[in-house]
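Every letter in the sequence shown is one number past the one before it in the UniProt record's numbering, and letter 305, counting from 1, is 305. In what follows, a single structure is set out as structure tokens and then discussed.
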Amino acid sequence: MKFLLNLLRIIVGVLFIFSGLVKANDPLGLSYKMDEFFEVLHLGFMSHYSLVYSVAMNAFEIVCGVAILIGYRMRLFTWLILLLIAFFTFLTAYALFSGTVRECGCFGDCIKLSPAETFWKDVALLVMILVIFFYKDKIGPLFGTKANGALMLVSLIFSLGIQWYTLAHLPLVDCLGYKVGNNIPEKMKLPPGAHPDVYETVLIYKKDGKAKEFTTENFPWNDSTWVYVDRKDKLVKEGDGEPPVKDFILTDFDGGNQTEAILTEATPVYLFLVKDVNEAADGWQRKMAALQALAKQGKCYIYGVTASTKDQVEPFVKKNGLDFQFLNMDGTAIKTAGRSNPCLLLLEKGTIKGKWSYRDLPFAID
Numbered sequence: 001m002k003f004l005l006n007l008l009r010i011i012v013g014v015l016f017i018f019s020g021l022v023k024a025n026d027p028l029g030l031s032y033k034m035d036e037f038f039e040v041l042h043l044g045f046m047s048h049y050s051l052v053y054s055v056a057m058n059a060f061e062i063v064c065g066v067a068i069l070i071g072y073r074m075r076l077f078t079w080l081i082l083l084l085i086a087f088f089t090f091l092t093a094y095a096l097f098s099g100t101v102r103e104c105g106c107f108g109d110c111i112k113l114s115p116a117e118t119f120w121k122d123v124a125l126l127v128m129i130l131v132i133f134f135y136k137d138k139i140g141p142l143f144g145t146k147a148n149g150a151l152m153l154v155s156l157i158f159s160l161g162i163q164w165y166t167l168a169h170l171p172l173v174d175c176l177g178y179k180v181g182n183n184i185p186e187k188m189k190l191p192p193g194a195h196p197d198v199y200e201t202v203l204i205y206k207k208d209g210k211a212k213e214f215t216t217e218n219f220p221w222n223d224s225t226w227v228y229v230d231r232k233d234k235l236v237k238e239g240d241g242e243p244p245v246k247d248f249i250l251t252d253f254d255g256g257n258q259t260e261a262i263l264t265e266a267t268p269v270y271l272f273l274v275k276d277v278n279e280a281a282d283g284w285q286r287k288m289a290a291l292q293a294l295a296k297q298g299k300c301y302i303y304g305v306t307a308s309t310k311d312q313v314e315p316f317v318k319k320n321g322l323d324f325q326f327l328n329m330d331g332t333a334i335k336t337a338g339r340s341n342p343c344l345l346l347l348e349k350g351t352i353k354g355k356w357s358y359r360d361l362p363f364a365i366d
């Protein structure tokens, strides 16, 4: 029995430490996944604090894993880890049986698991943790009180410190489709054998004060009295895969599509990603001026990329002395491409050659 308990303790401890570390590499990614759950659970007010929850959850996982591994205060931490896995199992069960969330994000974006795989993984962990919980009195500390306490303190400081670093800069390991070396056009393709989602276009028109939905097949094209209101895409059949890069569509403020021109440009192209100009951090302006000097010499092109409106962008451009064109792109695509706001991408013929947080722009200041 002692051998089994020690084996389970090692498995559970290592898995929780690993899971926490993978997500601590990109706490923003977990916060976005939390936002998805908050939305489907109608808890939108909690989204304002999702990053705080993310950082705390990652640190908690790592610390709990270390505690179980070294046998530190088992009465307390077996309760905590049991409550944690029960919570995770509820979330993964909801994702599996509701179908509203495709991935739970339990291993971040680095290790993708289907809802079913995630759920059964949590069920297996729950069983192992229950065994540890009921036999916790038979598990002694691995080291002395002071040594165990020091290890717990180090694990807490490390778990918070690594998240501070990745939030201040960029993830240490980029597991998304926009990592350096990837070719964006290639990553926009579906994986081999995968099928895309099938959507039906729904047209909303109004007549005599009443709105009605049509498909392209049943719309009364010969009746010009219907007034267009809106359109939406209705999911008809869910696909079994999606490309690593989605919604990479660059348009100017007049609606012109500039995507192909930028992705096929042989001259280096810098994309200055600013998801929301009203929330952009400071401290990059002088280095951006140095990059603009290179662009004026014909050595590169620069485009701003934002989800903000033209009216919002104009004062931002004037305030920061920017003299390059801004393009629009989906906000989710922007925050996937760059975890900092702003973030800078370097493209050559659609291949990502560099990526920097606004704190780390690689340009000399005179």
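Using N, Cα and C, we set each Cβ at its ideal position, and we do this for glycine too.
Would you tell me roughly how many angstroms separate the C-alpha atoms of residue i and residue j, rounded to the nearest one?
i: Val52; j: Glu36; result: 15 angstroms
i: Asp330; j: Lys296; result: 28 angstroms
i: Leu126; j: Ile132; result: 10 angstroms
i: Lys179; j: Ala266; result: 19 angstroms
i: Val66; j: Asn148; result: 9 angstroms
i: Ala93; j: Asp122; result: 9 angstroms
i: Arg73; j: Asn6; result: 15 angstroms
i: Pro141; j: Ile70; result: 6 angstroms
i: Val245; j: Ile184; result: 7 angstroms
i: Lys349; j: Trp356; result: 19 angstroms
i: Phe316; j: Trp226; result: 40 angstroms
i: Leu346; j: Ile262; result: 11 angstroms
i: Met57; j: Tyr165; result: 17 angstroms
What is the DSSP secondary structure of residue i, reduced to helix, strand or coil?
i: Ser155; result: helix
i: Cys64; result: helix
i: Glu186; result: helix
i: Asn341; result: coil
i: Lys212; result: strand
i: Leu172; result: coil
i: Asp35; result: helix
i: Asp223; result: coil
i: Asp360; result: helix
i: Lys349; result: coil
i: Gly255; result: coil
i: Tyr94; result: helix
i: Thr78; result: helix
i: Phe3; result: helix
i: Lys335; result: helix
i: Tyr178; result: coil
i: Thr89; result: helix
i: Asn25; result: coil
Can you give the beta carbon distance from residue i to residue j, rounded, assuming they're within the 8 angstroms contact cut?
i: Leu156; j: Ala86; result: About 23 angstroms; that fails the 8 angstroms criterion.
i: Asp223; j: Tyr199; result: Asp223 to Tyr199, Cβ: 25 angstroms. No contact.
i: Tyr301; j: Val269; result: 5 angstroms
i: Leu327; j: Thr264; result: So it is not a contact: roughly 15 angstroms between Cβ atoms.
i: Glu213; j: Ile204; result: 6 angstroms
i: Asp323; j: Gln292; result: 6 angstroms
i: Pro27; j: Ser54; result: 5 angstroms
i: Ile162; j: Ala24; result: 5 angstroms
Of the residues the options, which one's Cα is nearest the Cα of residue i?
i: Val115; options: Glu186, Leu96, Glu279; result: Note that residue 115 corresponds to Pro in the displayed sequence, not to Val. That would be Leu96, whose Cα lies nearest to the Cα of Pro115.
i: Leu176; options: Ala337, Gly350, Leu345; result: Ala337
i: Asp109; options: Trp284, Asp282, Gly20; result: Gly20
i: Val154; options: Ala124, Met74, Ile62, Ser224; result: Ile62
i: Glu242; options: Ala281, Glu265, Glu186; result: Glu186
i: Ile129; options: Met152, Phe77, Phe143; result: Phe77
i: Pro362; options: Arg75, His169, Ala307, Tyr49; result: His169
i: Lys138; options: Asn183, Thr166, Val40, Lys2; result: Lys2
i: Tyr135; options: Trp79, Met152, Val40, Pro27; result: Trp79
i: Leu271; options: Val202, Pro220, Leu82, Lys353; result: Lys353
i: Gly304; options: Tyr32, Ala290, Cys343; result: Cys343
i: Ala289; options: His195, Lys319, Arg75; result: Lys319
i: Cys64; options: Glu314, Phe18, Leu347, Ser308; result: Phe18
i: Lys207; options: Asp197, Pro220, Thr215, Pro196; result: Pro220
i: Ser308; options: Ala281, Asp276, Lys335; result: Asp276
i: Ile81; options: Glu314, Val14, Ala333, Arg231; result: Val14
i: Arg286; options: Gln258, Ala124, Gly321, Glu279; result: Gly321
i: Met34; options: Ile68, Val12, Phe88, Gln325; result: Phe88
i: Val313; options: Ala150, Gly193, Ala280; result: Ala280
Using the beta-carbon count (16 or more within 10 Å), is residue i buried or exposed?
i: Gly283; result: exposed
i: Gly105; result: buried
i: Tyr228; result: exposed
i: Val236; result: exposed
i: Phe90; result: exposed
i: Ser340; result: buried
i: Phe248; result: buried
i: Gly181; result: exposed
i: Lys189; result: exposed
i: Ile10; result: exposed
i: Lys210; result: exposed
i: Phe107; result: buried
i: Leu172; result: exposed
i: Thr306; result: buried
i: Ala364; result: exposed
i: Ser31; result: buried
i: Gly44; result: exposed
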